[in-house]
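One structure below.
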Amino acid sequence: MQGMKIKELAAQLHISARTIRFYEEKGMIAPVKHPDNGYRYFTEREAVRLRMIMALREFGMSVEEVKSVLDRLDQGRRDEALHELELQRSVMFTTWMDHKRRLEAADQMIERLRRDSELEWEEMFQLAGGLKRQRELREDWFDGWDFDSRAAVHDIRVSLEEGENGRHPAYRRALRLIVQRVAANAGEYGLDAGTGTGNLAGLFAEEGIRMAGVDQSNEMLKRCRSKFPQVETRLGNLMSIPYMDGTFDFVVSSYALHHLTDEQKILALSEMRRTLKPHGRICVVDLMVDAAEIPEAGESVSTPDNEESELPVYCAERSHMLDWFDRHGYFAASWHITGQLHMIYAVPVRS
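Under UniProt numbering, the first residue of the sequence shown carries the number 1, and numbering increases by one thereafter.
See below:
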């Protein structure tokens, strides 16, 4: 019988025999027993499995989460295992971003102490409160629309909802307008924030533009990958886009921001800006209204003969969106497409 004894395996992987026994007791590895002497032997399969366990543990996954991934892989449920890993990555990124924001706040406090003899603690208290509020806004969002269950019929639904009072007015025309307005160049890298099944990202990809798509719905992303395998996808939230600072040349978004409250929209726009290169541009198409037309927070836009008409639609106030871009160094222009649907295109004019 070929294989390694527990001490040999421990030495090879630079872990303790006790650790190996722990994972064996958890049912995560299964050595074979020699029929004559009863010694446990570990095959190369178990060695590979232990390497996988140790790697996933280093990624921050709990023992139970690692076991769940392994069980799914053993059962041939690769998509489910992939989803668990994507969820873990999303959690890791959000945690990392929280630490980054706290470090930036600490740097501000240190700089103030160096510059001024007295620290304005009220200002620091407000800064800390702002960080807490941002975290609450990110954590409070939930998918009341159940996008996973709608993924299989999403493309059919949007084609049926292109009327002026539908959920996706002028859908195909609006996506083409975004592509035309952005006018991406060869070699640029773009992000579709709230990509859904990837229809907008796919239009850019078909023109040879490298694209990434972010969405909180795993099922939507699976559809996107099936339709547009050249589009990179990541599970994530518009208020915590899972990419590093300065990654993209442009960010686009269509029919996504109206699922966020006004405060959450500001976080989403800030995240788009964070992930852009210094001269990166933003193009957004969504339901927007002027000040006199804006409904109460969470009030639904009328969508006759639509079973989703009671779901909340948080229309942005167009002037507020334009003001945000102006305050953050962008020149922004808006175009009316149809009904409440508008497009905003923003380019930076100062860093």
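Even glycine gets a Cβ: it sits at the ideal position worked out from N, Cα and C. Quick caveat: nothing in here was measured; it's all calculated off a predicted structure.
Minimum C-alpha distance to Leu235 - residue among Asp140, Gly198, Met288 and Ala170: Gly198
Alpha-carbon spacing of Glu58 relative to Thr19, whole angstroms: 14 Å
Within the stretch 165-210, ranges of the alpha helix (DSSP H) (whole runs, at least 4 residues): 171-182 and 199-206
Arg281 in three-state terms, based on DSSP: strand
Local Cβ density within 10 Å of Pro278, reported as buried at 16 or more and exposed below that: exposed
Per DSSP, cross-strand counterpart(s) of Asn237: Ser240
Rounded separation between Gln134 and Gln340 - CA only: 28 Å
Opening and closing residue of the alpha helix (DSSP H) in which Trp145 lies: Unbroken run through Trp145: none, as it is neither H nor E.
Phe250 beta carbon near the ligand SAM (any heavy atom closer than 6 Å): Absent from the structure shown: the ligand SAM. Ligands present: none.
For Tyr41, three-class secondary structure by DSSP: strand
Assumed close pair Leu267, Leu137 - CB separation to whole angstroms, cut-off 8 Å: 6 Å
Own chain, CB closer than 7 Å to Val158, minus 5 neighbours either side, in chain order: His168 and Tyr171
Exposed unless 16 or more other CB atoms sit within 10 angstroms - verdict on Gln216: buried
Coil, strand or helix - Val347 by DSSP: strand
Cβ-Cβ separation, Ile178 to Cys283 (assumed contact under 8 Å), whole Å: 5 Å
Cβ separation of Lys222 and Gly202, assumed to be a contact under 8 Å, to the nearest whole Å: Actually they do not touch by this definition, with Cβ atoms about 14 Å apart.
Residues that DSSP places opposite Leu276 in a beta bridge: Phe248
Limits of the beta strand (DSSP E) - the one that His34 falls within: Here His34 belongs to no beta strand (DSSP E), and DSSP marks it neither H nor E.
For Tyr23, three-class secondary structure by DSSP: helix
Buried or exposed (CB count within 10 angstroms, at least 16 for buried), Lys265: buried
The stretch 60-79 contacting the stretch 32-45, beta-carbon criterion three pairs below 8 Å: no
Whole-angstrom distance between Arg45 and Gln12, CA atom to CA atom: 14 Å
Buried versus exposed call for Trp324 [16 or more other C-beta atoms within 10 Å across all chains shown]: buried
Endpoints, alpha helix (DSSP H) assigned at Ile337: Careful: Ile337 lies outside any alpha helix (DSSP H), inside the beta strand (DSSP E) at Tyr330 to Thr338.
Lys222, enclosing alpha helix (DSSP H) - first and last residue: Asn218 to Lys227
Beta-carbon gap between Gly76 and Thr43 smaller than 7 Å: no
Own chain partners of Asp305 with C-beta closer than 6 Å, once the 5 adjacent residues on each side are dropped: With a pLDDT of 38 at Asp305, under the threshold of 50, the predicted position of this residue should be treated as unreliable, and no value is reported.
Nearest to Asn37 (by Cα), restricted to the options Ala151, Lys5 and Leu85: Lys5
Chain-order list of residues whose beta-carbon lies under 8 Å from that of Phe93 (same chain, five-residue window excluded): Gly236, Ser240 and Pro242
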